[in-house]
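To start, the structure itself, in structure tokens.
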Amino acid sequence: MEIELTCPVCLDLFQRPIVLPCSHNLCTPCARKILEPNGAPKAWAKWVKENRSADYKSHLEPDVKCPTCRRKIPFDPKGVDGLPRNLILENVIERFKEERKTPGQAQEEPLLCQFCEDYSPQKATLMCNECAFLYCGTCFDACHPSKGPLADHTIGPAIAKPTKRQEKSMQCQQHKEEKLALYCFACKEPEELARTLGTLTRKNYHVQKSLQSLEGMCTIAKKSGCDVEAHVKRECDSLIAIVEKKKAELFKRVGDEYQDKLGELSDAMHQCENILLQGDGLAEFTQEALKEDNPATFLQTADALKTSPKFVSSQCKATNRTIQLVWNAPPSAVDAYHLEADIYSPPQDSSKKEHHETVKVSVGTACRYNLECLHYNARVVARVRASNRAGEGPFCQDITIYTEKGFHFTLDPSSCPKRELVFSRDLLVAKLTSPVMVSVMSHVPLANGCHYWKVRIDQFSGTGNNGFVAVGVAKEMDDEGVIGNDTDSYALQIHENGTLWCENTHNRLQIKQKAKEIKGSNVAVLLDLENQVMNVYWNGKLQTDDSRPGGPSLMGVVGPVRPAFTVYGSTVQLSLQTGLERPAAYPEPPVIHLEQCSVENTRINLVWSPPENCNVDCYIVEIDTLDREGDIHQERNFIKVYQGPRTKYTLRGLDYNVTVLARVKALNTAGESEPSDEVSLSTEKGVIFKLDKESLHESLRLSAGNLKVKQNNMVHGNAFGTAFLADGCHYWTINIDNFKGENSFIAVGVAKKITQDSILGNTSGSYALQIFEGTTARTENAKHKIQIKRKAKDLKDSSLGVFLDLNNQFLNIYLDGELQTDIGRPKGPSFKGLSGEFCAALCLYGAKVEMTMVTGIATPSVPDSPAFNKARCKVNNTTVLLGWLAPETKCCVDYYVLEVDMVKSSEFATRRKKDRKFKRLYEGAAREYALYSVPYSVNVIARVFGVNPTGEGTPSEELILSTPTGLYFQLDSSSANHDLELTNENCTVSLKSPMYTFILGNVKLSTACHYWRVHVDEFNSHNKLSIIGVGVARKALEDPILGEDSDSYAVQINEHPNVSCSNTKNRVQIKRSSKELTNTNIGVLLNLDEYFLNLYLNGKLLTDPSRPNGPTFVGLLGEFYPALSLYGTNVKLTVYTGESYDE
-15 MEIELTCPVC
-5 LDLFQRPIVL
5 PCSHNLCTPC
15 ARKILEPNGA
25 PKAWAKWVKE
35 NRSADYKSHL
45 EPDVKCPTCR
55 RKIPFDPKGV
65 DGLPRNLILE
75 NVIERFKEER
85 KTPGQAQEEP
95 LLCQFCEDYS
105 PQKATLMCNE
115 CAFLYCGTCF
125 DACHPSKGPL
135 ADHTIGPAIA
145 KPTKRQEKSM
155 QCQQHKEEKL
165 ALYCFACKEP
175 EELARTLGTL
185 TRKNYHVQKS
195 LQSLEGMCTI
205 AKKSGCDVEA
215 HVKRECDSLI
225 AIVEKKKAEL
235 FKRVGDEYQD
245 KLGELSDAMH
255 QCENILLQGD
265 GLAEFTQEAL
275 KEDNPATFLQ
285 TADALKTSPK
295 FVSSQCKATN
305 RTIQLVWNAP
315 PSAVDAYHLE
325 ADIYSPPQDS
335 SKKEHHETVK
345 VSVGTACRYN
355 LECLHYNARV
365 VARVRASNRA
375 GEGPFCQDIT
385 IYTEKGFHFT
395 LDPSSCPKRE
405 LVFSRDLLVA
415 KLTSPVMVSV
425 MSHVPLANGC
435 HYWKVRIDQF
445 SGTGNNGFVA
455 VGVAKEMDDE
465 GVIGNDTDSY
475 ALQIHENGTL
485 WCENTHNRLQ
495 IKQKAKEIKG
505 SNVAVLLDLE
515 NQVMNVYWNG
525 KLQTDDSRPG
535 GPSLMGVVGP
545 VRPAFTVYGS
555 TVQLSLQTGL
565 ERPAAYPEPP
575 VIHLEQCSVE
585 NTRINLVWSP
595 PENCNVDCYI
605 VEIDTLDREG
615 DIHQERNFIK
625 VYQGPRTKYT
635 LRGLDYNVTV
645 LARVKALNTA
655 GESEPSDEVS
665 LSTEKGVIFK
675 LDKESLHESL
685 RLSAGNLKVK
695 QNNMVHGNAF
705 GTAFLADGCH
715 YWTINIDNFK
725 GENSFIAVGV
735 AKKITQDSIL
745 GNTSGSYALQ
755 IFEGTTARTE
765 NAKHKIQIKR
775 KAKDLKDSSL
785 GVFLDLNNQF
795 LNIYLDGELQ
805 TDIGRPKGPS
815 FKGLSGEFCA
825 ALCLYGAKVE
835 MTMVTGIATP
845 SVPDSPAFNK
855 ARCKVNNTTV
865 LLGWLAPETK
875 CCVDYYVLEV
885 DMVKSSEFAT
895 RRKKDRKFKR
905 LYEGAAREYA
915 LYSVPYSVNV
925 IARVFGVNPT
935 GEGTPSEELI
945 LSTPTGLYFQ
955 LDSSSANHDL
965 ELTNENCTVS
975 LKSPMYTFIL
985 GNVKLSTACH
995 YWRVHVDEFN
1005 SHNKLSIIGV
1015 GVARKALEDP
1025 ILGEDSDSYA
1035 VQINEHPNVS
1045 CSNTKNRVQI
1055 KRSSKELTNT
1065 NIGVLLNLDE
1075 YFLNLYLNGK
1085 LLTDPSRPNG
1095 PTFVGLLGEF
1105 YPALSLYGTN
1115 VKLTVYTGES
1125 YDE
């Protein structure tokens, strides 16, 4: 029984036995020695990883065998810990040890486990010599792991009095009385000191790394603090500037009011003094006049007492079209005042003169009168005189006052009860802060005249694509209604909803615009109550119904009405522009400030200033694009690219290396201005950017003006470009200066956002080509990444090209000019479906990886011409193999196009080059192509050119190859079933011994039509039993006679005169005498395109009687070899190839 309980490795009783997958047992220590060569399972997993070969299939099948049965032992990385314990066998061994003791031996008290927590501890079976604790098998596994710090402890059987082993390393080797601390105080043990020094060095390294990290955090914190401090300073300075400006405005207003009041008081005092002096003089004059006794003289003196009133200029003013006139009463008695005014209205057309009208009014005894004018910007010359019973006095001195240039009004908050609409202090700005519909009116009613005002939509954010703005006039307004939807209002309604069906009525016009177009737009209103029409202009363009394209916008508008507005959206802000003079003439042209215009890659920023003293509704930007080398004096072809109220505009989506001629026009209700002076600006030759230092990974280093990046650590670090690209077509290259280190890795592409959390191309926010060092890495393509592997020596000094076309939403990446793409898209692009903004991005990993970004280069032109590789261009019967080389300039090529023209050899000499009829046969990234089934006696003219996103390149030089006149092959001695005598360059075969033999040709035929001829040189035998077979076979035959199985087709010719002939699907049998057959020819015509085989004997078709007209055999599918079979003592056949078949 002891044999069954013995370990096959240590030859001792099992210690903690485990069960192998093959059902044999091993001690746990022995199993660890065999199955875990490096110790712990982690070390074993590391050993498996480092020693994995190319043919290693899985880590579950290491090359370890059972010591008993020599079978492979499959186990996982858990190692021995993953195998089950044999507890039954362990108990049997313990009982066997007890029974083996001698009878006289004293029964010792059983040793119990010191770790069992239940009421009946188990018997101890193991003891750790270092820990000096007793364990049962279960507690040992749970409380004393065989890995980690306890892996080196020695385990033995349980003994009665365990003693803790003294560690030699705990005592100094030279001073036995001293325990070893960090080092011996007497001699400072060098070995322990070196070990301690290494530990301290490692700790110092980690502390230094932590310190560097903290220093980096301090730098970031300082920068953030400085940024916040600068931001706070800027905001405070801005607020202080605003307060100072407001303070200056308030001081100015107070000063102006103060001076105005002082002036009025001074004028009043001066007038009172004058009146007092006049009164005193008049009293003295009157007293003297009363002394006159002569009546005639008295009447003459009374005329001198008549005086005129005097206008108070400080109180005479204009409000809109109303002139307020105020005058002082004369000192004499007044029964009435008579006002006379000349009104000069401005012309409505530049070709007309101003209109003159005189108004005479008796105003009673009041010393003020409000004169209503019909037009704005009218000049009023007024005078007044007094009258009483004595008669009319003289007119006072004329006063000239102008009505205002335009209509002034403010919003009336009382007309809008909803609190969601807030107003500015001057009541010229209204802002909607919640998604509700609100309406508001002005405080000024209009009953006649012609009025003009504008509204600017400063902010517009709709609600659920249903926001709108309505601008117009109304008599009365419903709180829940929209102006223009009833008979008491007229309006232009601007809707954000693109699906809305616009419906115009008598009272409204509806238009649709995008939210970004509504924001910042101007709406001008020209209300002519004399003609009862209203014109509404959106960004200077008259809005009308289709039934009256020339206007007006709305008709039948009768006063009194008030300006009104209705808005709906989450955020809408309107600003009134009142007091504007109605445009009577076209505006002056704007002025483009070339010094403020700028160029950013393919973007051109235009800035202009409005014309002086002109009312402008919007501006029109027109451009003409030329090649940078183009003639700027050529005929212009300007197109409109922008119409809006802003005085700056950014041209986007331009190509690189182009010149843009730009001009700007101003537009108002009177029409367009003349264009401004043209300015010429050119885009960059190529995209210009640098690598962003702020977002750079801490392991990377920049140099060469932030264009070169270097990685010296085995960590993944990302680098990003400083420019985000949203449209246009961009190209840049990356030079690989150095690429060393095991498992080095680089990724090149673009990213939507800057992050160091992931490798470039591994998330949906980036697209990249990932390149792994070596040839063992596993590659896998996905939607956002393409993975390739290259040797370091092959990749050094290579160049990567990145072609980003955001107009067509694709990205191409080239390695040394060759497009890198997925196998499912051989013609490219590398990636597609790119939308949004992207920046250039890199990812580096390795001990020494360096890359340099090259920007500002032109978008690649069409590819240069490739060249045919004549060493690879071959003709094999009807197969023509073509191979070519990539352009020497390493230009970008997405794929190649092969074009071929075929001409019969007899016609080639007379065929002119211009009569070539090339046909495209291949489009793809490979640089070789095979033409099959090419007819014999044909000249193949081939050319190839490359294609990239710019277009098709220049074709290569033409290559001319000729197919032979017929099929060429030789007999293959290795295919014969017996030794045959081959002569005449393996074209003649002889048989001298009576045995059945066969032989095949050395060419495999699968397509096209082929012909060869077999000449019977000798055909005789003393017993007249010679047999030959001529035909084709799919492979070497099991039956040596052609035509006897389904893999061959042949004509069998028998010399024996009495043999009976029978035909089958695969053979035709005939008999000929030696004399008849010698020196005859057997022709073979194999047409694999039409799947038939014809055999001819001296030009006569051999066929079955059921098919008298042929063919000999039908239904030939697959690949075939020319074949011969021979039998006889004197048979000799010669194959003639390269001959054409003439019907």
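For the sequence shown, the residue numbers in the working numbering are -15 to 1127. Using N, Cα and C, we set each Cβ at its ideal position, and we do this for glycine too. The model shown is predicted, which means the values in this text are computed figures rather than measured ones.
Beta-carbon contacts of residue i that lie in its chain and below 6 Å, excluding the five residues immediately before and after
i: PRO810; result: GLY908, ALA909
i: ARG927; result: GLU883, PRO939, SER940, GLU942
i: SER957; result: LEU966
i: GLU656; result: LYS649
i: SER819; result: GLN793
i: PRO(-8); result: PRO51, THR52
i: ASP39; result: Note on ASP39: pLDDT 47, under 50, position unreliable in the model; no value is reported.
i: LEU358; result: GLY433
Those residues which DSSP pairs with residue i across a bridge
i: THR(-10); result: LEU(-3)
i: THR981; result: LEU1110
i: HIS339; result: SER329
i: HIS714; result: LEU788
i: SER664; result: LEU645
i: SER559; result: VAL413, ARG440
i: SER7; result: Answer by DSSP bridge pairing: none, since SER7 is not bridged.
i: GLU883; result: ARG904, ARG927
Residue range of the unbroken beta strand (DSSP E) whose run includes residue i
i: PRO58; result: Here PRO58 belongs to no beta strand (DSSP E), and DSSP marks it neither H nor E.
i: GLY1013; result: 1011 to 1017
i: LYS81; result: Premise fails: LYS81 lies in the alpha helix (DSSP H), 71 to 83, not in any beta strand (DSSP E).
i: ASP1001; result: 993 to 1003
i: GLY908; result: 903 to 908
i: GLY733; result: 729 to 735
i: GLU584; result: 582 to 584
i: ALA914; result: 912 to 915
i: GLU501; result: Unbroken run through GLU501 is the alpha helix (DSSP H), 499 to 502; no beta strand (DSSP E).
i: VAL422; result: 420 to 426
Nearest candidate by alpha-carbon position, reference residue i, set the options
i: PRO330; options: ARG566, ASN450, PHE117; result: ARG566
i: LEU869; options: THR863, ASN746, CYS857, LEU412; result: CYS857
i: LYS498; options: GLY448, ALA458, ARG532, SER531; result: GLY448
i: ALA766; options: ILE738, LYS245, PHE815, VAL734; result: PHE815
i: THR667; options: PRO(-8), CYS581, LEU686; result: CYS581
i: PHE953; options: SER679, GLY937, ASN970; result: ASN970
i: GLN477; options: LEU1021, GLU464, VAL453; result: VAL453
i: HIS490; options: LEU578, THR471, SER1032; result: THR471
i: ASP1029; options: ASN1042, HIS1040, ASN1047; result: ASN1047
Boundaries of the alpha helix (DSSP H) in which residue i is found, first to last residue
i: ASN702; result: Unbroken run through ASN702 is the beta strand (DSSP E), 701 to 704; no alpha helix (DSSP H).
i: CYS14; result: 12 to 19
i: LYS775; result: Counting along the chain, LYS775 falls outside any alpha helix (DSSP H), and DSSP gives it neither H nor E.
i: PHE892; result: 889 to 892
i: ALA126; result: 121 to 127
i: SER1058; result: 1058 to 1061
Sequence-distant residues of its chain with Cβ nearer than 8 Å to residue i (five each side left out)
i: VAL310; result: PHE295, VAL296, GLN299, CYS300, CYS351, ARG352
i: THR981; result: ALA960, ASN961, HIS962, LEU964, LEU975, PRO1024, SER1109, LEU1110, TYR1111
Review point. With a cut-off of 8 Å, do at least 3 Cβ pairs link the segment 777 to 790 to the segment 723 to 743?
Key: yes
Check your understanding: Are three or more beta carbon pairs between the segment 916 to 926 and the segment 987 to 996 nearer than 8 Å?
Key -> yes
Exercise for review: Would you check if there are 3 or more beta carbon pairs closer than 8 Å linking the segment 537 to 544 to the segment 419 to 426?
Suggested key: no
Check your understanding: Are the segment 1026 to 1040 and the segment 1004 to 1016 touching by the rule of at least three beta carbon pairs closer than 8 Å?
Key -> yes
Point to revise | Cβ contact check for the segment 586 to 593 and the segment 632 to 646: 3 or more pairs under 8 Å | key: yes
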